[in-house]
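S.K.:
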Amino acid sequence: MADLVQLAGDILAVWLVSLTVNLFAYVVVTAAFIHSCRFLAKYKIQEREASPADVRREIKSSLRTVLIFSVIYAGIYFGTRAGVFTIYLGVAPLGWGYMLFNILAVIIAHDAYFYWTHRLLHLRRFRRFHRTHHQSITPTAYTCYAFDGSEAILHGIFLPVWLLFVPMQLPALCIAVTLMIVRNSFGHTGVELFAHSTERSKWFGWLGSNTDHDLHHTAFHYNFGFYFTWWDRLMGTEHPNAREFRKTRWSKAGIRRTEIFSASGTHGR
Ligand SMILES: [Zn+2]
Ligand SMILES: [Zn+2]
-17 MADLVQLAGD ILAVWLVSLT VNLFAYVVVT AAFIHSCRFL AKYKIQEREA
33 SPADVRREIK SSLRTVLIFS VIYAGIYFGT RAGVFTIYLG VAPLGWGYML
83 FNILAVIIAH DAYFYWTHRL LHLRRFRRFH RTHHQSITPT AYTCYAFDGS
133 EAILHGIFLP VWLLFVPMQL PALCIAVTLM IVRNSFGHTG VELFAHSTER
183 SKWFGWLGSN TDHDLHHTAF HYNFGFYFTW WDRLMGTEHP NAREFRKTRW
233 SKAGIRRTEI FSASGTHGR
């Protein structure tokens, strides 16, 4: 009995730490981007503004995602303690080379996972699980975690599945998770700072831009990738005008949402 009480106490303590860290990360990262974007109005992608009701809805559903992620991350802790996952506390014994390769690999794998699960969520039979995220036509930094509970679980289980096969060092895991939330939140800020140069560069044209994902929120049937453009280009799901939009910043070019829709077909498809 004493053992069970001890175990329940452990689970509660670990979950509370996990909840605090996840909540802190969401609040700090989104607040930083929301605050910064006040000074970046001239780089806004859309002319439309998210309404206060949109923001309230996004924060509410994001808090549910934080709760779900906190349970999954606590599960990673206990899974590691039980020997299901292998996480080294420091860089040793795997070394710096492994760590660098591992961070790159986990981001590339996450991009593939995101692309294909996202394609799945756009199928008619699964679309209802993705509706919460698409209620945001004009995304904000808060949109990054605005998911239905089932979609949050789908995103959250990526790391445990990865860890089943690939040992990680704790610093690499922390860096990868930070990159994920920062890229996710930045990608939803509704401002475009880099697409001009990445589109023109032969070296960085494969990087996904904020414009690409913003277009996904307005045009729905294109640009399913996030970090990189290669899956969309390979599978023919890049928005037909994506390259043009990246070059011009479509709010500045006077391109309106109606024109985006006419380029992408109807919403209900
Ligand atoms: Zn979508
Ligand atoms: Zn989104």
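Using my numbering, the letters of the sequence shown map in sequence onto residues -17 to 251. Quick reminder that beta carbons are idealized off the backbone N, C-alpha and C, glycines included. Note that this is a predicted model, so its numbers are computed, not measured.
1. Less than 8 Å separating the beta-carbons of A128 and H112?
2. Mind reading off the beta-carbon distance from K26 to V173? Whole number of angstroms is fine, and I expect it under 8 Å.
3. Mapping the DSSP letters down to three states, classify S0 as helix, strand or coil.
4. Could you name the residues of the same chain whose beta carbon sits closer than 6 Å to that of V(-4), not counting the 5 residues immediately before and after it, in chain order?
5. Within 10 Å of its beta-carbon, does F96 have 16 or more other beta-carbons around it, so buried, or fewer, so exposed?
6. With 16 as the cutoff for other CB atoms within 10 Å, does M81 come out buried or exposed?
7. Just confirm the distance between the C-beta atoms of A94 and W185, as a whole number of angstroms; I'd bet it's less than 8 Å.
8. For F227, is the classification buried or exposed, using 16 other Cβ atoms within 10 angstroms of its Cβ as the cut-off for buried?
9. In angstroms, rounded to a whole number, what distance separates the CA positions of V88 and F21?
10. Just to confirm before moving on: does the CB-CB distance between I50 and A123 stay below 8 Å?
11. Between which two residues does the alpha helix (DSSP H) containing I54 stretch?
12. My assumption, with CB atoms under 8 Å, is that I119 sits in contact with H199. Please give the rounded CB distance.
M.R.: According to the structure shown:
1. no
2. Confirmed, about 6 Å.
3. helix
4. A56 and Y59
5. buried
6. buried
7. With 8 Å as the limit, A94 and W185 do not qualify as a contact, their Cβ atoms being about 21 Å apart.
8. buried
9. 33 Å
10. no
11. P34 to R63
12. The C-beta separation of I119 from H199 comes to about 6 Å, placing the pair in contact by the 8 Å criterion.
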